[in-house]
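Notes for the one structure printed next.
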Amino acid sequence: MTLHAAWAELVRSIALLAMDPRSVGGVLLRGRPGPARDLALAWLRSALPTGTPLVHLPAHVTEDRLLGGLALAESLHAGRPVFESGLLSRADRGIVVCAAAERMAPSVVSALSRALDKGEVLLERDGLSRRVEARVALALLDEGVDDERAPDALRDRCALAFDLDALPAPEPAALSRLLAGEAAM
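Start counting the sequence shown at 198; every next residue gets the next number (the numbering used here).
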């Protein structure tokens, strides 16, 4: 595949994800951090319709930050349980960018899988039982080396996958046109 064709395929695929995230499920971007990944994420950000959430999930996110839970201070002040939304519910109808996907905890993989399959988060903790909409797609950033890989449960749910380290080095002029929206180089 030529330089232009490889990059154009990536751009078209990301545009498809931006148009219909739930149907596509997500994109797996395997490779080291660098210009290719930065470009792919910048293109995704620019391709999303205005107002579409793009939420970055930290590599070692805690369960309460991911799913939400009881907001203790607000609950004490209000005299009743107050629910604090998590990152997945904030990403509803958008895309969750998962850094270091190859090191993701099993509980996070499970929560993301449920959100992808059911479009919701099930929260049953801190005396709360709640279902919250989380219709999301993923951008899995897999930086694994050798046999390290993003979890199969998430890779299987992403219709798109790219090895960014295998892409030819981009030409500056071509990158400018890509970011300006010209997929055909």
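Cβ atoms here follow ideal geometry from the backbone N, Cα and C, with glycine treated the same way.
Per DSSP, the unbroken beta strand (DSSP E) holding Val294 starts and ends at Gly291 to Cys295. For Asp362, DSSP assigns no beta-bridge partner whatsoever. By the criterion of at least three beta-carbon pairs nearer than 8 Å, the stretch 222-230 is in contact with the stretch 324-336. The C-beta distance from Val318 to Ala331 rounds to 4 Å, short enough to meet the 8 Å contact threshold. Between the beta-carbon of Gly291 and that of Val252 there is about 6 Å, and that keeps the pair under the 8 Å contact cut. Of the candidates Glu271, Ser286, Leu254 and Ala205, Ser286 places its Cα closest to the Cα of Leu264.
When rounded, the separation of the alpha-carbon atoms in Ala268 and Ala370 is 49 Å. Separation of Glu260 and Val305 (C-alpha to C-alpha, rounded to the nearest whole angstrom) is 7 Å. Contact between Trp204 and Leu361 does not hold, since their C-beta atoms are separated by about 11 Å, which reaches or exceeds 8 Å. Assigned with DSSP and collapsed to three states, His257 falls in coil, not helix or strand. Counting C-beta pairs closer than 8 Å gives fewer than three between the stretch 231-248 and the stretch 345-357, which falls short of the contact rule. Here DSSP, grouped into helix, strand and coil, assigns Ala270 to helix.
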